[in-house]
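Shown next, in structure tokens, is the structure this report addresses.
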Amino acid sequence: MMPRSRSYQEDLLKSLQNPEEAAAYLNAALADGNEHVFLLALQNVAGATICLSDGTE
Numbered sequence: 004m005m006p007r008s009r010s011y012q013e014d015l016l017k018s019l020q021n022p023e024e025a026a027a028y029l030n031a032a033l034a035d036g037n038e039h040v041f042l043l044a045l046q047n048v049a050g051a052t053i054c055l056s057d058g059t060e
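So the number in this note's numbering is just where the residue sits in the sequence shown, counting from 1, plus 3.
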């Protein structure tokens with residue numbers, strides 16, 4: 004049986020736990036110029052921060 008692969012969202016949240024990665028991600032979303040893109044990015048960074056603080060990944 005093959006091991007379960009991680010989803011894109013799981014990989015993204017793990018990556019965004021790194022402050023430098025999170026800052027670059029937010030800057031890229033802001034540069035897009037679309038407020039919805041930035042708000043989604045902000046939501047993802049917040050989710051990664053919550054995962055980090057409660058010990059889940």
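Every residue, glycine too, gets a C-beta built ideally from N, C-alpha and C.
Could you have a look at residue i and say whether DSSP puts it in helix, strand or coil?
i            : result
glutamine 12 : helix
glutamine 46 : helix
leucine 29   : helix
Just tell me which of the options has its CA closest to the CA of residue i.
i            : options               : result
threonine 52 : Ser10, Ala26 and Arg9 : Ala26
Would you kindly check if the distance between the Cβ of residue j and the Cβ of residue i is under 8 angstroms?
i           : j            : result
cysteine 54 : glutamine 12 : no
>> When you compare the stretch 9-22 with the stretch 40-48, are there three or more beta-carbon pairs, one atom per stretch, that lie closer than 8 angstroms?
In response: Touching, yes, given that three or more Cβ pairs across the two stretches are closer than 8 angstroms.
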